[in-house]
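In this note's numbering, the protein residues as written are 89 to 231.
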């Protein structure tokens with residue numbers, strides 16, 4: 089734990105408040121039993137077509153994202169979590185955010201199994217990050 093997080097926890101404990109969000113919780117991992125209140129960022133349900141380019145230049149994938157947060161997204165699909173997609177791999181992702189606005193950046197696979205691939209954003213430019221934040225806010229507000 090970093091000194092600032094430790095200090096915040098100590099201060100929160102002294103004032104009878106505990107942080108609601110564990111620092112080590114990964115929002116990109118879809119866990120049906122997980123409580124949304126324990127995530128760093130809330131996830132919004134989406135219907136996005138996402139292009140993924142893996143480390144192999146010849147390995148491209150077009151897939152469906154089922155949810156997104158400010159820190160990651162989940163790509164749905166039973167055939168995606170095969171042995172060629174392993175936690176720790178970096179991918180280039182790209183998707184249309186509407187009105188000719190494109191989100192593009194790097195993500196790391198944090199989970200790959202029969203339900204799909206959990207991605208954590210590791211590099212988004214400022215415009216892409218703001219577009220992701222906007223998508224999440226709009227989807228969450230819409231319910």
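Ideal Cβ positions, reconstructed from N, Cα and C, are used throughout, including at glycine.
Rounded to the nearest whole angstrom, the CA to CA distance from residue 138 to residue 229 is 23 Å. Residue 176 is classed as exposed because its beta carbon has fewer than 16 other beta carbons within 10 Å across all chains shown. Secondary structure of residue 139 (DSSP, three-state): strand. Cβ-Cβ distances below 7 Å link residue 174 to 197 and 200 in the same chain, with the five nearest sequence neighbours on each side left out; the list follows chain order. If you keep only unbroken beta strand (DSSP E) runs of at least 3 residues inside the segment 158 to 231, you get 160 to 164, 178 to 184, 190 to 201 and 204 to 212. Comparing alpha-carbon positions, the option among 202, 129 and 179 lying closest to residue 155 turns out to be 129. In this structure, DSSP gives residue 129 a state outside helix and strand, which the three-state scheme calls coil. Residues of the same chain with a CB within less than 7 Å of the CB of residue 218, apart from the 5 flanking positions on each side, do not exist.
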